[in-house]
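Trainee: Take the sequence shown: its position 214, counting from 1, is numbered 214 in the numbering used here, and each next residue is one higher. Would you mind keeping the following structure in view while I ask a few things?
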Amino acid sequence: MGSADSKLNFRKAVIQLTTKTQPVEATDDAFWDQFWADTATSVQDVFALVPAAEIRAVREESPSNLATLCYKAVEKLVQGAESGCHSEKEKQIVLNCSRLLTRVLPYIFEDPDWRGFFWSTVPGAGRAGGDDDGENARPLAESLLLAIADLLFCPDFTVQSHRRSTVDSAEDVHSLDSCEYIWEAGVGFAHSPQPNYIHDLNRMELLKLLLTCFSEAMYLPPAPDSGSTNPWVQFFCSTENRRRPRCSSSPWTTTVPPAPAPPWTAPRQARPWMTRMLHPRQPPGPENLFVNYLSRIHREEDFQFILKGIARLLSNPLLQTYLPNSTKKIQFHQELLVLFWKLCDFNKKFLFFVLKSSDVLDILVPILYFLNDARADHSRVGLMHIGVFILLLLSGERNFGVRLNKPYSVRVPMDIPVFTGTHADLLIVVFHKIITSGHQRLQPLFDCLLTIVVNVSPYLKSLSMVAANKLLHLLEAFSTTWFLFSAAQNHHLVFFLLEAFNNIIQYQFDGNSNLVYAIIRKRSVFHQLANLPADPPAIHKALQRRRRPPESLSRTGSQEGASMEGSRPAAPAEPGTLKTSLVATPGIDKLTEKSQVSEDGTLRSLEPMSQQSSAEGSPAAEEPEQAWREQRRLSSASASGQWNPTSEWVLSWKSKLPLQTIMRLLQVLVPQVEKICIDKGLTDESEILRFLQHGTLVGLLPVPHPILIRKYQANSGTAMWFRTYMWGVIYLRNVDPPVWYDTDVKLFEIQRV
Numbered sequence: 001m002g003s004a005d006s007k008l009n010f011r012k013a014v015i016q017l018t019t020k021t022q023p024v025e026a027t028d029d030a031f032w033d034q035f036w037a038d039t040a041t042s043v044q045d046v047f048a049l050v051p052a053a054e055i056r057a058v059r060e061e062s063p064s065n066l067a068t069l070c071y072k073a074v075e076k077l078v079q080g081a082e083s084g085c086h087s088e089k090e091k092q093i094v095l096n097c098s099r100l101l102t103r104v105l106p107y108i109f110e111d112p113d114w115r116g117f118f119w120s121t122v123p124g125a126g127r128a129g130g131d132d133d134g135e136n137a138r139p140l141a142e143s144l145l146l147a148i149a150d151l152l153f154c155p156d157f158t159v160q161s162h163r164r165s166t167v168d169s170a171e172d173v174h175s176l177d178s179c180e181y182i183w184e185a186g187v188g189f190a191h192s193p194q195p196n197y198i199h200d201l202n203r204m205e206l207l208k209l210l211l212t213c214f215s216e217a218m219y220l221p222p223a224p225d226s227g228s229t230n231p232w233v234q235f236f237c238s239t240e241n242r243r244r245p246r247c248s249s250s251p252w253t254t255t256v257p258p259a260p261a262p263p264w265t266a267p268r269q270a271r272p273w274m275t276r277m278l279h280p281r282q283p284p285g286p287e288n289l290f291v292n293y294l295s296r297i298h299r300e301e302d303f304q305f306i307l308k309g310i311a312r313l314l315s316n317p318l319l320q321t322y323l324p325n326s327t328k329k330i331q332f333h334q335e336l337l338v339l340f341w342k343l344c345d346f347n348k349k350f351l352f353f354v355l356k357s358s359d360v361l362d363i364l365v366p367i368l369y370f371l372n373d374a375r376a377d378h379s380r381v382g383l384m385h386i387g388v389f390i391l392l393l394l395s396g397e398r399n400f401g402v403r404l405n406k407p408y409s410v411r412v413p414m415d416i417p418v419f420t421g422t423h424a425d426l427l428i429v430v431f432h433k434i435i436t437s438g439h440q441r442l443q444p445l446f447d448c449l450l451t452i453v454v455n456v457s458p459y460l461k462s463l464s465m466v467a468a469n470k471l472l473h474l475l476e477a478f479s480t481t482w483f484l485f486s487a488a489q490n491h492h493l494v495f496f497l498l499e500a501f502n503n504i505i506q507y508q509f510d511g512n513s514n515l516v517y518a519i520i521r522k523r524s525v526f527h528q529l530a531n532l533p534a535d536p537p538a539i540h541k542a543l544q545r546r547r548r549p550p551e552s553l554s555r556t557g558s559q560e561g562a563s564m565e566g567s568r569p570a571a572p573a574e575p576g577t578l579k580t581s582l583v584a585t586p587g588i589d590k591l592t593e594k595s596q597v598s599e600d601g602t603l604r605s606l607e608p609m610s611q612q613s614s615a616e617g618s619p620a621a622e623e624p625e626q627a628w629r630e631q632r633r634l635s636s637a638s639a640s641g642q643w644n645p646t647s648e649w650v651l652s653w654k655s656k657l658p659l660q661t662i663m664r665l666l667q668v669l670v671p672q673v674e675k676i677c678i679d680k681g682l683t684d685e686s687e688i689l690r691f692l693q694h695g696t697l698v699g700l701l702p703v704p705h706p707i708l709i710r711k712y713q714a715n716s717g718t719a720m721w722f723r724t725y726m727w728g729v730i731y732l733r734n735v736d737p738p739v740w741y742d743t744d745v746k747l748f749e750i751q752r753v
């Protein structure tokens, strides 16, 4: 049958279904077989030939026909899984049913009255070892998910067969519970099967259907409580999924393949669809066995395989080649970042392995590249958040700060100033670029960015002059009165920066002459902070400046110099680009918990009420929990335009500014530097730096304060944010065919930039 005739017959069947006013019996195989037998329609054809309006019309006017269509399609998938799809006709039927269900399922989910349909029982579909009565009958959704799991590892259909015979019995199909058949070598498996392009395409069709099954969450509005479970994900990740071992391992190997794929093997680089199943379950919910499997990976060779694969794929867009199209550029770095995040969050052994060596820098550099590249693009604000959240998670570990001292020599093309220094310098320079030249929607991330700097600051041995000047410029910008008084929480940014300076001075003074020199040069900023006016006229005068452009935050404050070779400026989104909305990012006090570094290097968690006397310079440490709640209330009021600063408010935090260490440094060093300059007639800063390198403040500074680390803390707010973000990414990725494009999604809003 020709392709045109096949499409015509399929379209006629759809028209018949939409025009029939009477229910069509499930036993009328001649009618139902028109949708999947003897047709060769692609998934794009199915989406074109089954319009959204007609699906909704059948749902509203002939619900029994839509129900029968879904039931019969699932029945065919179950039959294909049972038989093993030995004939080409069976394989085609399975693919057609898969495509049809992928098209129809979103319209089932968008109607609240239909969401329970797939969880109704199916006649004659008993559970294993049970009778076929109503009590033991298996819901349609379970039958569908088990069939997909079986078909994903069906010999000669989605995996290479190990048997010589081309005909296996149904009994043999059930014996495939072991991990005999996998997609690729990798985690837990050493031998890779022979590549097969057709098998890859078939897997992708089934994975798309599986992802569609999980997408019911898109049609529920965002809720603060993360206890509500997705029944589709819950069952697929439960012990009842007999294909779970291979479903757990094979996605790792195709997501992080052992070698770069050439440009012509696109389907083999399956997107990390598995991240949808790694959503944490809140107690007392059922155990997610995919999360359990991930948390139990412990072999170093598996960790190395995963880390190297993720690092290589994340670095792929950064590659510069002279031959066009010689390297296939991946587009799923957002999913990779979520996958890496989940790995570190659920498997602490993997996190420690990542931080054990400088390999973590192979993850850091591409993350900083993506952050810098996306800072001007409103459609990629979610990417900015996930990148910052990962760095916040890593910065809670001492080893991350230590690794940052490795010299930076890779020279990834980024439009940032050329500098000679370490990975810590790269991190600070990129953060400065994000804060000073990113779009306004990134302002909620400023707390996170500076928290990362504070977390790593006690371990930074030698900042470059470029990075030191960037930190001082941020302090100069954030300490202007118009900025401090314009929002209730803005002074926290000054506290963070002062705490970072104190950490470096107290713990890494030797080697940080560049920062000390920058502090001396900008000493007026610290004196202005110490003498910050709090009287009503001064506050009123500062607020009048809010009407002017915030010039101090946009200017560089130092010579930018040339950008790195091959770089291009961060560009905004193309007009008409789609983006999905995100729920509000939790505040830094909700994102993190405070821990104090003991003398032996271990972390000790701090009780909220005991944090007031902790590390100097932390707004979280200086203010009790009640004060934090008041600050959040004031912050929300300021956002709605109802808040105005008062003298009492300014004095409440001005007295806690941690300026003692820096003021003591200036008191000791400024006269010495001025004397040397006068006595020797110095005008060259290199001579001053040489003097500072050999200077010491031992015994002159206040007693070193305890190091305070803010470690990422998972909570319902972050869980909701990740759920919204991940489904937004999935929605935007699937535009060919547009699986969810014209459906009534509730989890987020679709916007055009």
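Even glycine gets a Cβ: it sits at the ideal position worked out from N, Cα and C. On a predicted model such as this, the values are computed, not experimentally measured, just so you know.
Over the uninterrupted beta strand (DSSP E) stretch that includes PRO139, give me the two end residues.
Mentor: The count along the sequence shown starts at 1 and reaches residue 139 at position 139. Its beta strand (DSSP E) spans residues 137-139.
Trainee: Reducing DSSP to helix, strand and coil, say where ARG11 ends up.
Mentor: The residue labelled residue 11 in the question sits at position 11 within the sequence shown. If DSSP states are grouped into helix, strand and coil, ARG11 belongs with the helices.
Trainee: Looking only at its chain, what residues have a beta carbon closer than 7 Å to the beta carbon of LYS470, apart from the 5 residues adjacent to it on each side?
Mentor: Position 470 of the sequence shown, counting from 1, holds the residue named residue 470. ILE428, VAL429 and HIS432, listed in sequence order.
Trainee: Are the CB atoms of PHE290 and SER215 within a distance shorter than 8 Å?
Mentor: Stepping through the sequence shown from its first residue, residue 215 is reached at position 215. Stepping through the sequence shown from its first residue, residue 290 is reached at position 290. No.
Trainee: Would you list the residues sitting across from PRO155 in a DSSP beta bridge?
Mentor: Indexing the sequence shown from 1 puts residue 155 at position 155. Per DSSP, VAL159.
Trainee: What does GLU593 pair with, by DSSP beta-bridge criteria?
Mentor: The residue you call residue 593 lines up with position 593 of the sequence shown. LYS711.
Trainee: Restricting to Cα atoms, I'd like to know which of ILE676, PHE370 and ARG664 is closest to LEU701.
Mentor: The residue labelled residue 701 in the question sits at position 701 within the sequence shown. When each option's Cα is compared against that of LEU701, the closest is ARG664.
Trainee: Pick helix, strand or coil for THR68, following the three-state DSSP scheme.
Mentor: Reading the sequence shown from its first residue, position 68 is the one you call residue 68. THR68: helix per DSSP, three-state reduction.
Trainee: Could you check if GLN667 is buried or exposed, using at least 16 other CB atoms within 10 Å of its CB as the buried criterion?
Mentor: One-based indexing of the sequence shown puts residue 667 at position 667. Exposed, by the Cβ-count rule.
Trainee: How is the alpha helix (DSSP H) around THR436 delimited, first residue to last?
Mentor: Taking the sequence shown and counting its residues from 1, one reaches residue 436 at position 436. Run containing THR436: 423-437, per the alpha helix (DSSP H) assignment.
Trainee: Pair every Cβ in the stretch 44-54 with every Cβ in the stretch 82-91, then say whether three or more of these pairs are closer than 8 Å.
Mentor: Output reads no: the stretch 82-91 does not touch the stretch 44-54.
Trainee: DSSP beta-bridge partners for GLN751?
Mentor: Reading the sequence shown from its first residue, position 751 is the one you call residue 751. Paired residues: LYS579.
Trainee: Are GLY387 and PHE370 touching if we call contact CB-CB under 8 Å?
Mentor: Here residue 387 refers to the residue found at position 387 of the sequence shown. Here residue 370 refers to the residue found at position 370 of the sequence shown. Yes. Within cutoff.
Trainee: Does DSSP classify SER605 as helix, strand or coil?
Mentor: Taking the sequence shown and counting its residues from 1, the one referred to as residue 605 is at position 605. Three-state result, SER605: strand.
Trainee: To the nearest angstrom, how far is the alpha carbon of GLN660 from that of TRP721?
Mentor: Counting from one through the sequence shown, the residue named residue 660 turns up at place 660. Counting from one through the sequence shown, the residue named residue 721 turns up at place 721. Rounded to whole angstroms, GLN660 to TRP721 spans 39 Å at the Cα level.
Trainee: Let me know the secondary structure DSSP gives PRO536 once reduced to three states.
Mentor: Numbered from its first residue, the sequence shown carries residue 536 at position 536. Note: PRO536 maps to helix in three-state DSSP.
Trainee: I'd like to check one pair, ALA538 with TRP779: are the Cβ atoms closer than 8 Å?
Mentor: Summary: the structure shown does not reach residue 779, with the chain confined to residues 1 through 753, and so no result is reported for it.
Trainee: Verify whether the separation of the beta carbon atoms of SER756 and GLN751 is less than 8 Å.
Mentor: It is not possible to answer for residue 756, since the shown part of the chain is limited to 1 through 753.
Trainee: Distance check for ASP345 and PRO260, CA to CA, integer angstroms please.
Mentor: What you label residue 260 is simply residue 260 of the sequence shown in a count that begins at 1. What you label residue 345 is simply residue 345 of the sequence shown in a count that begins at 1. With a pLDDT of only 46 at PRO260, under 50, the local geometry of the prediction cannot be trusted, and no value is derived from it.
Trainee: Is DSSP giving THR420 helix, strand or coil here?
Mentor: Locating residue 420 in the sequence shown gives position 420, where the first residue counts as 1. DSSP places THR420 in coil when its eight states are reduced to three.
Trainee: Determine whether the Cβ of LEU336 lies closer than 8 Å to any Cβ atom of chain D.
Mentor: No chain D is part of this structure, which consists of one protein chain only.
Trainee: Is the beta carbon of ALA147 sitting closer than 8 Å to the one on LEU77?
Mentor: Position 147 of the sequence shown, counting from 1, holds the residue named residue 147. Position 77 of the sequence shown, counting from 1, holds the residue named residue 77. Contact flag set, yes.
Trainee: For VAL388, which three-state DSSP category applies?
Mentor: Here the question's residue 388 lines up with position 388 in the sequence shown. In the structure shown, VAL388 sits in a helix (DSSP, three-state: H, G or I).
Trainee: Under the three-state reduction of DSSP, which class applies to SER563: helix, strand or coil?
Mentor: Here the question's residue 563 lines up with position 563 in the sequence shown. Residue state, collapsed to three classes: strand.
Trainee: Using 8 Å as the threshold, is the stretch 61-79 in touch with the stretch 20-38, meaning 3 or more CB pairs across them?
Mentor: Verdict: yes, contact present.
Trainee: On the DSSP bridge assignment, give the partners of VAL735 in chain order.
Mentor: Sequence index remark: in the sequence shown, residue 735 carries index 735 (1-based). DSSP, once it has assigned bridges, lists PRO738 as partnering VAL735.
Trainee: When the distance is taken between beta carbons, is THR724 closer than 8 Å to PRO222?
Mentor: Within the sequence shown, the letter at position 222 stands for residue 222. Within the sequence shown, the letter at position 724 stands for residue 724. Cβ atoms of PRO222 and THR724: closer than 8 Å.
Trainee: Determine the DSSP secondary structure at THR229, reduced to helix, strand or coil.
Mentor: Here residue 229 corresponds to residue number 229 of the sequence shown, with the count starting at 1. It is coil, neither helix nor strand.
Trainee: Report yes if the C-beta distance between LEU95 and VAL46 is below 8 Å; otherwise report no.
Mentor: Your numbering for residue 95 matches position 95 in the sequence shown. Your numbering for residue 46 matches position 46 in the sequence shown. For LEU95 and VAL46, no; Cβs fall outside 8 Å.
Trainee: Just to confirm, are THR592 and THR451 a CB contact at a threshold of 8 Å?
Mentor: The residue you call residue 592 lines up with position 592 of the sequence shown. The residue you call residue 451 lines up with position 451 of the sequence shown. In contact: THR592 and THR451 (Cβ atoms closer than 8 Å).
Trainee: Measuring straight from C-alpha to C-alpha, what distance separates GLY695 and LYS342?
Mentor: Taking the first residue of the sequence shown as position 1, residue 695 is located at position 695. Taking the first residue of the sequence shown as position 1, residue 342 is located at position 342. So the alpha carbons of these two residues sit roughly 45 Å apart.
Trainee: Do the stretch 733-753 and the stretch 391-406 make contact, defined as three or more Cβ pairs closer than 8 Å?
Mentor: No: the two stretches stay apart, fewer than three of their Cβ pairs being nearer than 8 Å.
Trainee: On the criterion of 16 or more Cβ atoms from any shown chain inside 10 Å, does SER165 qualify as buried, or is it exposed?
Mentor: The residue labelled residue 165 in the question sits at position 165 within the sequence shown. Since pLDDT at SER165 reaches only 44, below the 50 mark, its modelled position is unreliable, and the value read off the structure follows with that caveat. Exposed is the call here.
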